[in-house]
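The sequence shown begins at 35 in the working numbering and counts up one residue at a time.
Every residue, glycine too, gets a C-beta built ideally from N, C-alpha and C.
Because the structure is a prediction, the values reported are computed rather than measured.
Worksheet for the structure shown next.
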Amino acid sequence: MVAGVALDPEKFKKSERRLTPQRQAVLKAFLELSREHPTAESIYHVARRYCPTVGMATVYRSLDLFVQMGIIVKAPTLNGTARYEMNQTPHNHFICLKCGRTYEFRRRQEPLVEREIEKAGFEVISASIIFFGYCPACRE
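Take a look at the structure:
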């Protein structure tokens, strides 16, 4: 268990990867910052508190591994900078066009759209709706 989140050790065995102290530090840092949709750089700064020898390249490789394993996903952004979030139930995002902050909202069900997509022969694995506008702080 890392920071209150149980990890399935089988996922690491199946991927032939170990949950090294550096990866644990990256995961702890991510979990600490997860509400902010953190960047690799912000995760790196916090991860160094848990493992002072962790390097930036290790952070990037660990985050890529966690994405491949389905533990985390890349969150949508405006400027192309990778941000990360937990791989959780479908939800929507609101991105502020001024400050760039990403907010999460429960997913509204869109069964008609999904039915149309599936009728056309596609298989829906995941869905996300992104709203763009100005957050309350930036509207002032």
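Helix or strand or just coil, what does DSSP make of Lys108?
strand
Excluding the five sequence neighbours on either side, which residues of its own chain have a C-beta within less than 6 Å of the C-beta of Tyr84, listed in chain order?
Ala59 and Lys62
If you follow the alpha helix (DSSP H) that Thr92 is in, where does it begin and where does it stop?
Met90 to Gln102
Could you tell me which residues DSSP puts in a beta bridge with Tyr137?
Phe128
Under 8 Å between the Cβ atoms of Arg140 and His71?
no
Between which two residues does the alpha helix (DSSP H) harbouring Glu75 extend?
Ala74 to Tyr84
Of the listed residues Ala91, Tyr94 and Ala161, nearest to Pro124 (C-alpha basis)
Ala161
On the three-state DSSP scale, how would you describe Arg51?
coil
Can you tell me whether DSSP reads Phe156 as helix, strand or coil?
coil
Where the beta strand (DSSP E) containing Arg173 begins and where it ends
Unbroken run through Arg173 is the alpha helix (DSSP H), Pro170 to Arg173; no beta strand (DSSP E).
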